[in-house]
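*Asks:*
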Amino acid sequence: MDAFYVSVELQSHPELRGLPVVVSGTGPRAVVTTASYEARKFGVGSAIPASRARRLCPDAVFLPPDFLAYRARSRDVMDVVRAQVDVLEVVGLDEAYMDLSEFERPRAAGRRIKAAVTERTGLACSLGIGPNKLVAKVASDADKPDGFLMLSAAEACARFAGHSPRLVPGIGPKTVERLAARGITTLAQLGGLPDQRLAEWFGDRLGPHMGRLARFEDERVLDTDRVRKSESKETTFDRDLVGLSALEPELERLAMGLAADLTEHGRSGRTVGIKVRLDDFSTHTRARTLPAPVSDIEAIFSVARDLLRTLDPPRPVRLLGVRVAGMEGTAVPVAVGDAAQLDLGV
DNA sequence: TCTGGGGTCCTAGGACCC
DNA sequence: TCTGGGGTCCTAGGACCC
């Protein structure tokens, strides 16, 4: 979906159409979640500090995120798609992969699906088609907004040969930096490197994997029922907290919220962990695995508190989090007819 | 008035077992 | 006089994604 959260907001605030609109949190440490294309012209993009966005574009309209609304609209969108295609892998609220190989004319099918989404939901989207997930994803990104692009792997290689490796999902800022330090700045260069060199630089598995990505080789199949492996609650404080006596009540609040979510969904896990980000932005995690899965506030909080006391943060703390991992296959019995709702929520 | 929240996956090292 | 190889589980950190 194109600028999904903003697009949903514009449906309830049509008077804002054409204006720079930014969805972001409200606190002093908030970041931008989504910016409208009008706001992007000013350099406002996802993940930049809201304070900076305000300076870059003082006239922008800032809205707090309404995730309930986004989830509901997401469900609408995925329902439209699901009505047209059998194999669907939903990735987050605003993105999905579909298998068009069931159609004799995939391009026509893609056109139809894209049109149906916009017609039925009023929301714009971009669609990319390719022989694998990687090409499809890059193609859909390359033509945004309101895009439609079909590429073969060879076409993708040729078209993006001179682009930065950053174009490929999975190659982030750190990897781009490490590549640049070795003189590699384009996908063509990366794709041309021998596996042995890549293995030396980035490890036996990761290195050659990056080379394949750069050549748009991708064997991944669609995963239509992803099972959640961990669940967490974390919060960044408006101002850093100092000392266990200030932190423990916050930890208990987080544990309470996490336990409530876990219980509501019938999930539990054997590993309880905490996450602490200090004022120097260093992040520290601690975890303990229990003999049996837990989901109740007492168990989660007592382990988390113990871990926090042992860590005893040596500096002011800006973020605190609690996590439960090692989820058992605690499938909740679902009534027949709920199947369509299952994929999004879990 | 730098840097959210909720996730996944990978790596590396240690403990432990056969 | 000197110590293999393989496997699993666990922890911590980090890169990355939406």
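Be aware that the first sequence starts at 33, since it is given in the numbering used here, and climbs by one per residue.
Every residue gets a Cβ at the ideal spot worked out from N, C-alpha and C, and that includes glycine.
No experiment lies behind these values; they were computed from the predicted model shown.
Using CA coordinates, which residue listed in P52, L48, D131 is at the minimum distance from R86?
*Replies:* For the purposes of this step, residue 86 is identified with residue 54 of the first sequence, where counting begins at 1. For the residues P52, L48, D131, the minimum Cα distance to R86 belongs to P52.
*Asks:* Can you tell me where the alpha helix (DSSP H) holding E47 begins and where it ends?
*Replies:* Position 15 of the first sequence, counted from the start, is the residue given in the question as residue 47. Element bounds for E47: n/a, residue is neither H nor E.
*Asks:* Do E41 and L125 have their C-beta atoms closer together than 8 Å?
*Replies:* As a working mapping, residue 41 is identified with position 9 in the first sequence. As a working mapping, residue 125 is identified with position 93 in the first sequence. Not a contact, by the Cβ cut-off of 8 Å.
*Asks:* What do you reckon, are the CB atoms on T66 and A92 nearer than 8 Å?
*Replies:* On the first sequence, residue 66 is found 34 positions in, with the first residue counted as 1. On the first sequence, residue 92 is found 60 positions in, with the first residue counted as 1. The answer is no: Cβ separation not under 8 Å.
*Asks:* In terms of residue numbering, what span does the alpha helix (DSSP H) encompassing M359 cover?
*Replies:* Here residue 359 refers to the residue found at position 327 when the first sequence is read from its first residue. Here M359 belongs to no alpha helix (DSSP H); instead the beta strand (DSSP E) covers 349-359.
*Asks:* Express the C-alpha separation of V356 and V350 in angstroms, rounding to a whole number.
*Replies:* Sequence index remark: in the first sequence, residue 350 carries index 318 (1-based). Sequence index remark: in the first sequence, residue 356 carries index 324 (1-based). Before going further, note that residue 350 is Arg rather than Val in the sequence given. Computed Cα separation, rounded: 21 Å.
*Asks:* Please give me, in chain order, every unbroken run of the alpha helix (DSSP H) with length at least 4 that falls completely inside the stretch 202-258.
*Replies:* The qualifying runs are 205-212, 219-223, 227-234, 238-246.
*Asks:* In the DSSP assignment, find the unbroken beta strand (DSSP E) run with I161 in it and report its ends.
*Replies:* On the first sequence, residue 161 is found 129 positions in, with the first residue counted as 1. Taken as a continuous stretch (DSSP letters only), the beta strand (DSSP E) holding I161 covers 159-161.
*Asks:* Where does E136 fall in DSSP's three states?
*Replies:* What you label residue 136 is simply residue 104 of the first sequence in a count that begins at 1. Coil, per DSSP.
*Asks:* Provide the residue span of the alpha helix (DSSP H) that contains L294, from first to last.
*Replies:* One-based indexing of the first sequence puts residue 294 at position 262. Counting along the chain, the alpha helix (DSSP H) containing L294 begins and ends at 276-297.
*Asks:* On the three-state DSSP scale, how would you describe V364?
*Replies:* Here residue 364 is taken as the residue at index 332 of the first sequence, counted from 1. Note on V364: pLDDT 46, under 50, position unreliable in the model; the coordinate value appears next. In the structure shown, V364 sits in coil (DSSP, three-state: anything other than H, G, I, E or B).
*Asks:* Give me the residue from P201, P60, A336 with the minimum Cα distance to L283.
*Replies:* Residue mapping note: residue 283 aligns to position 251 of the first sequence, counting from 1. Cα-wise, what sits closest to L283 is A336.
*Asks:* Whose C-alpha, out of R341, A331, G239, is nearest the C-alpha of S277?
*Replies:* Taking the first residue of the first sequence as position 1, residue 277 is located at position 245. Answer by Cα proximity: R341.
*Asks:* Output needed for L32: all residues of its chain with C-beta closer than 8 Å, excluding positions within five of it in sequence on either side, in chain order.
*Replies:* Outside the shown range of the chain, which is 33 to 378, sits residue 32, and nothing can be said about it.
*Asks:* Taking DSSP's pairing of strands, which residues face V55 in a bridge?
*Replies:* Stepping through the first sequence from its first residue, residue 55 is reached at position 23. Answer is T66, L95, bridged to V55.
*Asks:* On the three-state DSSP scale, how would you describe F333?
*Replies:* Position 301 of the first sequence, counting from 1, holds the residue named residue 333. Helix.
*Asks:* Does the count of Cβ pairs from the stretch 214-225 and the stretch 236-256 closer than 8 Å reach three?
*Replies:* Yes: the two stretches touch, three or more of their Cβ pairs being nearer than 8 Å.
*Asks:* Using 10 angstroms around the beta-carbon of V274, count the other beta-carbons present and answer buried if the total reaches 16, otherwise exposed.
*Replies:* One-based indexing of the first sequence puts residue 274 at position 242. It is exposed - the Cβ of V274 has fewer than 16 other Cβ atoms within 10 Å.
*Asks:* Using a Cβ distance threshold of 8 Å, determine whether the stretch 292-309 contacts the stretch 321-331, with at least three qualifying pairs required.
*Replies:* Because the criterion of three Cβ pairs below 8 Å is met, the stretch 292-309 and the stretch 321-331 touch.
*Asks:* Helix, strand or coil for V170, going by three-state DSSP, please let me know.
*Replies:* Translated into the one-based positions of the first sequence, residue 170 becomes position 138. DSSP places V170 in helix when its eight states are reduced to three.
*Asks:* Looking at the strands, I want to know which residues DSSP matches up with H316.
*Replies:* As a first step, residue 316 must be located in the first sequence, where it is residue number 284. In DSSP, H316 forms a bridge with V308.
*Asks:* Is there contact between the stretch 146-156 and the stretch 102-109, where contact requires at least three CB pairs shorter than 8 Å?
*Replies:* Yes: at least three Cβ pairs fall under 8 Å.
*Asks:* So, G179 versus S158, is the Cβ gap smaller than 8 Å?
*Replies:* For the purposes of this step, residue 179 is taken as residue 147 along the first sequence, with counting starting at 1. For the purposes of this step, residue 158 is taken as residue 126 along the first sequence, with counting starting at 1. Yes.
*Asks:* Please name the residue, chosen from V259, R105, E232, that lies closest to E360 on a Cα-to-Cα basis.
*Replies:* Locating residue 360 in the first sequence gives position 328, counting from the first residue. Nearest option by C-alpha distance: V259.
*Asks:* Under 8 Å between the Cβ atoms of M130 and V123?
*Replies:* Taking the first sequence and counting its residues from 1, the one referred to as residue 130 is at position 98. Taking the first sequence and counting its residues from 1, the one referred to as residue 123 is at position 91. Cβ distance not < 8 Å, so M130 and V123 don't count as in contact.
*Asks:* Which first and last residues belong to the alpha helix (DSSP H) in which L88 is found?
*Replies:* In the first sequence, the residue the question calls residue 88 occupies position 56. 82-88 is the extent of the alpha helix (DSSP H) around L88.
*Asks:* Note down the Cα distance separating L294 from R137, rounded to an integer number of angstroms.
*Replies:* By 1-based counting over the first sequence, the position of residue 294 is 262. By 1-based counting over the first sequence, the position of residue 137 is 105. If I take the Cα positions, the gap works out to 43 Å.
*Asks:* Give every residue of the same chain whose Cβ lies closer than 7 Å to the Cβ of G377, excluding the five residues on either side of it in the sequence, and list them in chain order.
*Replies:* In the first sequence, counting from the first residue as 1, residue 377 sits at position 345. Note that G377 has pLDDT 35, beneath the 50 cutoff, so the model's placement of it is unreliable and the number below is only indicative. Excluding positions up to five away in sequence, the list is empty.
*Asks:* Rounded to whole angstroms, how far is the Cβ of I145 from the Cβ of Q116, which I believe are closer than 8 Å?
*Replies:* Here the question's residue 145 lines up with position 113 in the first sequence. Here the question's residue 116 lines up with position 84 in the first sequence. The pair is a contact, with the Cβ atoms about 5 Å apart (cut-off 8 Å).
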